[in-house]
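First up is the structure itself, then whatever we jot down about it.
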Amino acid sequence: MIGPLTEVTFTINGKPYTVDPRTISVDTSLNTFIRNHAHLTGTKFMCLEGGCGACIVNVNGVHPVTKEKKSWAVNSCLYPVYACHGLDVKTVEGIGNRKDGYHPIQQRLAHLNGTQCGYCSPGMVMNMYSLMEANRGAISMEDVENAFGGNICRCTGYRPILDAFKSLTVDADEKLLDACQDIEDLTKTCPKTGSPCAGKCVSAKDRIDHKRPVKLVFEDDREWHRVMQVNDIFAIFDQIGSKPYMLVAGNTAHGVYRRSPSLQVFIDINAVEELHTHSADSNELIVGANVSLTEFMKILDETANKSPNFSHFKQLEKHIDLIANVPVRSAGTIAGNLNIKNQHHEFPSDMYLILQAAGAKLTVVETGGKTSLLTPADFVQLDMQKKVLKSITLPALDASRYQFRSFKVMPRSQNAHAYVNGAFLTKFAEDGVTVESIKLCFGGINPNFTHATATEAFLVGKNLFDAETVQATMNQLSSDIRPDWVLPDASAEYRKNLAMALYYKYLLNVAPEGTVLVKPSFRSGGTVLERPLSSGQQTFDTYERNWPLTKNIPKIEALAQTSGEAKFTNDLPPLPGELYAAFVIATKPHSRIGKIDAADALKSPGVVAFYSAKDIPGTNNFMPASLGNQEVEEVFCSGEVLYHGQPVGVILAETFNQANHAATLVNILYERVSQQQPVYPTLKSLVDNQAKTRIFDEPVTTTRRGSNYRVKVSAARKVTGRFEMAGQYHYTMETQTCVCVPIEDGMDVHSSTQWVDLCQVAIASMLKVPENSLNFTVRRLGGGYGSKISRAGQIACACALSAHLQNRPVRFVLTIESNMSSIGKRYGCISDYEVDVESNGRIVKLTNNYMQDYGASLNETVGDATTEFFNNCYDTKTWKVVGKAAKTDAPSNTWCRAPGTTEGIAMIENIMEHVAWELGLDPLELRLMNLPEGSKMRELLPQFRKDVEYNQRKAEIDQFNMDNRWRKRGIAISLMRYPLGYFGALHALVAIHAGDGTVSITHGGIEMGQGMNTKAAQVAAYVLGLPLEKISIKPTTSLTSPNAIVTGGSMTSEAVCYAVKKACEILLERIKPVRDAHKDAPWETITQLCYAGNVDLCATYQYRATELKPYIIWGLSCAEVEVDVLTGNVQLRRVDILEDTGESLSPGVDVGQIEGAFVMGVGYWLTEALVYNAEDGALLTNRTWTYKPPGAKDIPVDFRVRFLQKSSNPAGVLRSKATGEPALNMSIVVLFALRNALRSARKDAGLADDWIPMGTASTPDQVHLLAGNSIEQYKLN
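Below is the structure:
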């Protein structure tokens, strides 16, 4: 008898690997193995819970039953490396690269500007690759659009990514194919045979004996087993006694509830044939419990097509498609999902709900072959210790008698758990209306609630659709449904109302046409918002005479990004002796740090050291006063704790996991502060409690008073209101990261920072070392949006301190929880306004008092921008604005894409909407009435109104709203005047290599996705008259651009282009005599002659703000939305943006900036809610499970971007204008359109036509509660 294997074998990109307990710990993920052991850094990680998609790889294996080869995507951050036995893993490097040629997926994504920072690109590419492999290339545009719910991109707004991938589908749009025509054909050739790649390489399945189990024993007595039969599982159960164990399939549950560290035995059941079978006869379908959700959907679909009595399986399939995302569904199993519900009753499992309602039975086996048949509800209550869920049985239902429907309502279109889900099954009598039996199941109510039992009993024997019955049912449901409320969940009121609305939706949906009279305007309430295929249009000028300037070209690093060859800070190879760092945080605001006891942490495996404030040799401050900061912000808290999540020290350990685990073991003893203070984590909590002592005057520039402002005026109307905006997390796909390497004369610092100078000054003063001992290099950031301007300094300081004290390399990468809890966000803002206005709409007096949420410190003043932008494009002579700053118990807030400008423009545009509402005027006419004479907006607005067919669409919407009670549409237009100013100074260095005339450039800007390097290369090519291929952009360093200003404020690309242009002009001047003497000589000859004559071919130039003139960027946006009034879900039907970009230096890059900024704004206004614990100020929405930026199906269905034509900017760099931030200021238009849609809903609900105050984030729960629904309105006719 051959014993079990003692190692696990698989391949990565065709190269065989074996892992065993001597070198790899049992909890190692595939991601960690790929990055740290196979040293392939193309595969990224961020959330470590399957919520962001940066880590996706492709896996090929053999189906345990059919023995066919299958291919699927997995989140490598969740998938255990020991579960890879017999699998072939492909990473982004394996499908195409610079050496072997690129894969068409990589080429298309690069070519159509589907990358910006590039951090999400490898995951996007591998998700698409897996989709094509799994379907052998036969995929549609709709398949593509549906497959990216698990891939977050904060930069692009998704449209170009979807376009690139849709161009590879069988039904690809002609326009997309045309856009791809000029891609060079770089077919990937096989490195071994030299012929086109046939995709047949070494396969792990040929290298292992599939029948042999695996048994691995680790040093810490933990075990990993791989078994082939259910009996083997019980044999292991008998051996392990009371050791905690886990059955491993996809390990996706870890993305919701972290695995217990106490687990000792892992049993991989992926190869157990009995758990993967399925069979159907005319009465039932039996499916093995370990079938993946993806395969289950396929089985349901195939079975539904066989018999009408299985037709409800289509409904089940549709609902499962809303669970998590593609890679999670491909790895996760039915049993895995149900077991989460078994262990965590509060988990709103969709699988549990729909199986319970559909009458499923679960087969559970235990030792000795005892089996039991249970309903899902009984299963959830069962103690599953040493039992195995074997299969699921779904009965056939007579289609003429049964009606099954299910619904899931969530904060965004995909990849989110439900607020509430509902599943309903009625068995009707022969008449089709009388209830014989009924199941009404809801999730998300409270941990022990599934069935509305009293309502179910009440309905038996009644006509389900009778008017009196419907009302009585609603009243009964109302007393049945008793939601709990545990933050960060939506309110109990919303969840209760939503549950009843879902039942009403069910009635509208199944009411038989003909026998039951349903009012036509109610019918659409029975369906959910179906999303059509999305598309976009981009219109811009290009000037051929200036090419490569103004030409729409792919970004110069795009292919490196789509192939994973582009390196980020954390992709530096591991160095000998390297340690990982993790923050230890304080959790009690308004107490003092007494004693910090790290003894337990230091005993933890792999832990090397703990450092805190007392270990800092110099200044404990990462915000140097010399750079204009009024307040000290400590690297590590040394006294009073300012907020929950404030770092008090750093743990150093051998691995990332060891450091983050040990950080939780440090004990902090807190001392009480003399006077106990309440905790106010948000501006709203502070304002609601009137905490006046925490409100401070801003610098003078935040108060403005117009020349004709009078205290007493007489006007026809007075309009007053309050407008509230909360914070927003930047959501960079690369979290705060730093690697510090001690060297002979100091330290090399690799920080993901937008402001090298700040980090350099801060570290030098903290370590008491000279600034010239610190060498900074920044190649690129995985997104910035302002989060890495000042906040990167705290991480860099902590990392540098650790490296300095240990004299070893240190790598510090924040987890998403740490990044969200400890780092500041967008400034919240609350505005109280009062407007006196004449009946024709002319504003006679306007007063706006606003307050901004600074968090724990008053550094980084944002009020001057807020006040300046509040003017927008209006006549402000009779206005007065006063801004204040509030200190809250949260991390010090910081710049976030379009800081201050967003709040300023939002406040005034909201006021314009409010005043127009009160006066009954067209909001656009009101705006025109208040524009100054000679404003460019006077011509732009009427033209834009006409271009987007505003009047005609508004009339169509009014008709739609009359015809639909439970679906409402709205349209709105918003205006922007964006004054762009320059600040600071930075260098560019341009070097010509004489031998072949190629050019290298380095500059003081930081490339973080905004396309700065591409624009700089275009400018250099244009000025020097060279092809773009001759230009190469090198990383930014503190040597070549010392003292450089921060990259931010939308102006850095232009500043860099200006410096590059000037340096190139200096070189041309030097080369001129040689050129004049050799008029017809090619460039390469000229540069060689220059070399021979010792002409200096290296020039540097420093841009200074005073050399460039400020200018105005004009913009208009129009949005049309549709709301499902019963659920609060919103769909953006169409968005038009007109932005003045001057002569765009690089139209593809600028379109991407505009779309990306707008979609980030959509998240701010509609989906991204920060929820704090009122007791201790802890951020409760601190991961991808709870914080929801927009996904690929949340963007406008029809997304049109137009650059203002013929609008050259004489003041700008080469006649261009900036594009990074302005479009975010125009995104508030979605809120106005949504308010207009709700206006119609409230009117139908019989409410007065009062102004509807709305702010951020207007999530579905907020929208639903504003719609004015009440159960009395839930009628059929």
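Residues 1 to 1277 in full-length UniProt numbering are what the sequence shown lists, from first letter to last.
Here a beta-carbon is modelled for each residue, glycine too, at the ideal position from N, C-alpha and C.
| field | Short Cβ contact (8 Å threshold) for residue 585 with residue 673 | value | With respect to the 8 Å criterion, residue 585 and residue 673 are not classified as neighbours on the basis of their beta carbons.
| message | Given this structure, state the Cα-to-Cα distance separating residue 263 from residue 245, to the nearest angstrom. | response | CA-to-CA, the gap between residue 263 and residue 245 works out to about 6 Å.
| Near residue 731, which residues of its chain fall below 6 Å by C-beta distance, leaving aside the five closest residues on each side in sequence? | Hits under 6 Å: 154, 1189.
| Alpha-carbon to alpha-carbon, residue 831 and residue 252 | Between residue 252 and residue 831, the C-alpha separation is close to 43 Å.
| said: Here's a check: name, in chain order, each residue in its chain whose Cβ is nearer than 6 Å to the Cβ of residue 645, leaving out the five neighbours to either side. | reply: Counting only Cβ-Cβ distances below 6 Å, and skipping sequence neighbours, we find 585, 821, 822.
| CA nearest to the CA of residue 1035, picked from 840, 336, 567 | Sorting 840, 336, 567 by C-alpha distance to the C-alpha of residue 1035 places 567 at the top.
| request: Give the straight-line distance between the Cα atoms of residue 1186 and residue 254, rounded to the nearest whole angstrom. | output: If you draw a straight line from the Cα of residue 1186 to the Cα of residue 254, it is about 15 Å long.
| field | Residue range of the unbroken alpha helix (DSSP H) whose run includes residue 246 | value | Note, residue 246: premise wrong, no alpha helix (DSSP H); beta strand (DSSP E) at 245–248.
| Considering only C-alpha positions, which residue in the set 258, 410, 841, 1123 is nearest to residue 817? | Out of 258, 410, 841, 1123, 258 has the C-alpha closest to the C-alpha of residue 817.
| task | Can you tell me the Cβ-Cβ gap for residue 56 and residue 126, rounded? I've got them flagged as a contact below 8 Å. | result | Their Cβ separation, rounded to whole angstroms, is 5 Å, which keeps residue 56 and residue 126 in contact under 8 Å.
| field | Length of the line joining the Cα atoms of residue 853 and residue 1170 | value | Separation of residue 853 and residue 1170 (C-alpha to C-alpha, rounded to the nearest whole angstrom) is 14 Å.
| Whose C-alpha, out of 657, 621, 640, is nearest the C-alpha of residue 792? | The residue with the shortest Cα to Cα distance from residue 792 is 621.
| Does DSSP classify residue 821 as helix, strand or coil? | Reduced to three states, the DSSP call for residue 821 is helix.
| said: On the DSSP bridge list, what partners appear for residue 697? | reply: According to DSSP, which records beta bridges pairwise, residue 697 is partnered with 884.
| said: Here's a check: name, in chain order, each residue in its chain whose Cβ is nearer than 6 Å to the Cβ of residue 1249, leaving out the five neighbours to either side. | reply: Close CB contacts of residue 1249 within its chain, under the 6 Å cut and outside five residues either way in sequence, are absent.
| Backbone CA spacing between residue 64 and residue 75 [nearest angstrom] | About 21 Å.
| Under the rule that 16 or more other beta-carbon atoms within 10 Å means buried, what is residue 353, buried or exposed? | Of the other Cβ atoms in all chains shown, 16 or more fall within 10 Å of the Cβ of residue 353; this residue is therefore buried.
| task | For my contact list, residue 360 and residue 248 are in at a C-beta cut-off of 8 Å; report their separation, rounded to the angstrom. | result | Not confirmed; about 24 Å, so no contact.
| query | Mind pulling the alpha helix (DSSP H) runs of 4 or more residues that sit fully within the stretch 1043–1128? | reply | Listed in chain order, the complete alpha helix (DSSP H) runs (minimum 4 residues) inside the stretch 1043–1128 are 1052–1077, 1083–1092.
| query | Hey, how far is the Cα of residue 12 from the Cα of residue 40? | reply | Distance between the alpha carbons of residue 12 and residue 40 is about 10 Å.
| residue 469 - containing alpha helix (DSSP H), residue span | Looking at the DSSP string, the run of the alpha helix (DSSP H) that includes residue 469 is 467–480.
| request: Compute the distance between the beta-carbons of residue 404 and residue 338, then report whether it is under 8 Å. | output: Going by C-beta atoms, residue 404 is not nearer than 8 Å to residue 338.
| message | Less than 8 Å between the C-beta atoms of residue 328 and residue 1127, yes or no? | response | No. Outside cutoff.
| query | From residue 92 to residue 1065, what does the alpha carbon distance come to, in whole angstroms? | reply | The alpha-carbon atoms of residue 92 and residue 1065 are separated by roughly 41 Å.
| query | Closest by CA to residue 723, which one among 834, 897, 1149, 1111? | reply | Closest option to residue 723, Cα to Cα, is 834.
| For residue 15, which residues from the same chain have a beta carbon less than 7 Å from its beta carbon, with the 5 sequence-adjacent residues on both sides left out? | Excluding positions up to five away in sequence, the list is empty.
| task | Check the DSSP bridge columns for residue 558 and list the partner residues they point to. | result | According to DSSP, residue 558 bridges with nothing at all.
| Chain-order list of residues whose beta-carbon lies under 6 Å from that of residue 1287 (same chain, five-residue window excluded) | Any property of residue 1287 remains undetermined from this structure, which presents the chain solely from 1 to 1277.
| request: Please report how far the alpha carbon of residue 1070 lies from the alpha carbon of residue 993, in whole angstroms. | output: Taking the straight line joining both Cα atoms gives about 14 Å.
| message | Once DSSP output is grouped into helix, strand and coil, what is the label at residue 1250? | response | Residue 1250 falls in the coil class under three-state DSSP.
| How long is the line joining the alpha carbons of residue 1158 and residue 698, rounded to whole angstroms? | The alpha-carbon atoms of residue 1158 and residue 698 are separated by roughly 29 Å.
| said: Taking its Cβ as the centre, do 16 or more other Cβ atoms sit within 10 Å of residue 545, making it buried, or is it exposed? | reply: An exposed status is given to residue 545, since fewer than 16 other beta-carbon atoms sit within 10 Å of its beta-carbon.
| query | If residue 905 sits next to residue 657, beta carbons under 8 Å apart, how far is it from one beta carbon to the other, in whole angstroms? | reply | Taking a contact as a CB-CB distance under 8 Å, the pair residue 905 and residue 657 does not count as one, their CB atoms being some 44 Å apart.
| What number of angstroms, rounded off, separates the C-alpha of residue 917 from the C-alpha of residue 424? | The alpha-carbon atoms of residue 917 and residue 424 are separated by roughly 41 Å.
| Going by C-alpha distance, which of 369, 437, 493 is nearest residue 387? | It is 369 whose Cα lies nearest to the Cα of residue 387.
| Are residue 826 and residue 896 touching if we call contact CB-CB under 8 Å? | Yes, the pair counts as a contact, with Cβ atoms nearer than the cut-off.
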